[in-house]
Amino acid sequence: MTASDLRAAATSAGIGSMECRPLTVIGVAADLLCYSPDSTASMVSLSAMVNSRDSVVPYAVVREGLTGNLALERLEERWGPPSDRLATARRWVRGRWTASADTAASILTVWLSDTTTARQVALATAGERYAAPGADTLPVTNDAAAVLDSLLADSVSGRPVPAASLDAKPSVVGCVRVAPPENLAGKAGAVSLAYVVDSAGRVEPGNIRLLEATHGGLVAPAIATVRSCTLEPGTENGRPVRTLVQQRVSFSPTAN
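Numbers 16 to 271, taken from the working numbering, label the letters of the sequence shown in order.
Shown next as structure tokens:
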């Protein structure tokens with residue numbers, strides 16, 4: 016999509032103007048964040064990252080209040096069968112480009128992006144939330160599809176195989192449990208991670224990614240715990256293979 020296409024789409028949605036401000040996200044080829052101002056004249060809001068040098072829009076988000084329940088069905092009619100379905104969400108993958116849609120809370124939200132940009136945006140968003148005052152007690156959610164795509168795309172040591180498709184999944188031999196920070200020691204919580212286990216059963220320390228967490232402050236101890244683990248490797252046709260694993264690390268309240 017080009018910037019002119021973006022403005023044309025905004026006009027057709029009843030958005031008369033868009034505002035832009037400088038943007039810096041590491042790894043994303045865009046330097047402007049353009050968005051529609053709050054208005055009661057339109058039910059639609061639009062925001063996008065724009066590369067002003069070539070007028071390309073690598074990432075866009077559209078939100079619209081729903082008046083019916085046919086939004087996803089209409090998108091399927093236009094874009095064809097989705098690649099993934101999950102509750103109120105759908106995802107379409109077309110080469111390196113993806114479109115995701117969700118109708119939670121009676122709001123249709125559509126994300127349009129290439130997978131590399133979506134991954135960088137998810138990581139940057141998580142970083143911003145974690146850096147905010149008090150964010151260590153707030154939930155954190157990443158774009159799971161983008162996170163898993165990033166790990167599956169790492170083929171330097173051989174493309175990892177999702178654990179669910181193996182003859183035998185990796186099994187944990189032992190881990191060193193890392194305690195949560197003091198302010199979260201009295202709270203129950205959990206962190207979902209995706210990571211790669213090599214064919215020797217070792218967790219690859221550079222390939223651990225966050226999917227979601229009930230509290231931002233539990234992310235670091237969960238990653239440290241998983242990094243310490245040793246596992247029996249997963250096997251395919253009787254041979255150990257590099258495996259993509261998803262794991263939930265739970266934390267229980269502890270006495271002061």
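Note that beta-carbon positions come from the ideal geometry of N, C-alpha and C, so glycine has one too.
Quick caveat: nothing in here was measured; it's all calculated off a predicted structure.
Proximity of residue i and residue j at Cβ, strictly below 8 Å
| i | j | result |
| --- | --- | --- |
| V260 | V212 | yes |
| S214 | P255 | yes |
| A132 | Y74 | Strictly speaking, residue 132 in this sequence is Thr, with Ala absent from that position. Taking 8 Å as the Cβ cut-off, T132 and Y74 qualify as a contacting pair. |
| A209 | L226 | yes |
| P37 | L21 | no |
| V125 | A116 | yes |
| T130 | T113 | yes |
Residue i burial status per 10 Å Cβ neighbour count (16 or more: buried)
| i | result |
| --- | --- |
| A147 | exposed |
| I223 | buried |
| G231 | buried |
| L101 | exposed |
| V272 | In the structure displayed, the chain extends from 16 to 271; residue 272 sits before or after that span and is not available. |
| L123 | buried |
| R134 | buried |
| A18 | buried |
| L81 | exposed |
| P195 | buried |
| R68 | exposed |
Paired residues, beta bridge with residue i - DSSP
| i | result |
| --- | --- |
| E79 | V59, L123 |
| T156 | E227 |
| S67 | S67 pairs with nothing; no bridge assigned. |
| R134 | None, per the DSSP bridge assignment. |
| A104 | L101, D117 |
| D164 | Partner(s): none; D164 has no beta bridge. |
| E34 | Y50 |
| A183 | T250 |
Segment limits, alpha helix (DSSP H) that includes residue i
| i | result |
| --- | --- |
| V40 | Premise fails: V40 is in no alpha helix (DSSP H) and is neither H nor E. |
| T26 | 18-27 |
| R89 | 86-94 |
| V234 | 234-242 |
Element boundaries [beta strand (DSSP E), containing residue i]
| i | result |
| --- | --- |
| L48 | 47-50 |
| S265 | 258-266 |
| A205 | 204-212 |
| E247 | 245-247 |
| R100 | 99-101 |
| V188 | 186-189 |
8 Å Cβ cutoff, residue i in contact with chain B
| i | result |
| --- | --- |
| S70 | Looking at the structure shown, chain B is missing, and only one protein chain is on hand. |
Rounded distance between the beta-carbons of residue j and residue i, thought under 8 Å
| i | j | result |
| --- | --- | --- |
| P268 | G221 | Actually they are not in contact, since the Cβ atoms of P268 and G221 sit about 32 Å apart, beyond 8 Å. |
| V176 | R257 | 7 Å |
| M16 | V72 | 4 Å |
| S51 | M64 | Incorrect: roughly 14 Å between the Cβ atoms, too far for contact. |
Check: residue i C-beta below 7 Å from any heavy atom of the ligand ZN
| i | result |
| --- | --- |
| R22 | Ligands in the displayed structure: none, and consequently the ligand ZN is not present. |
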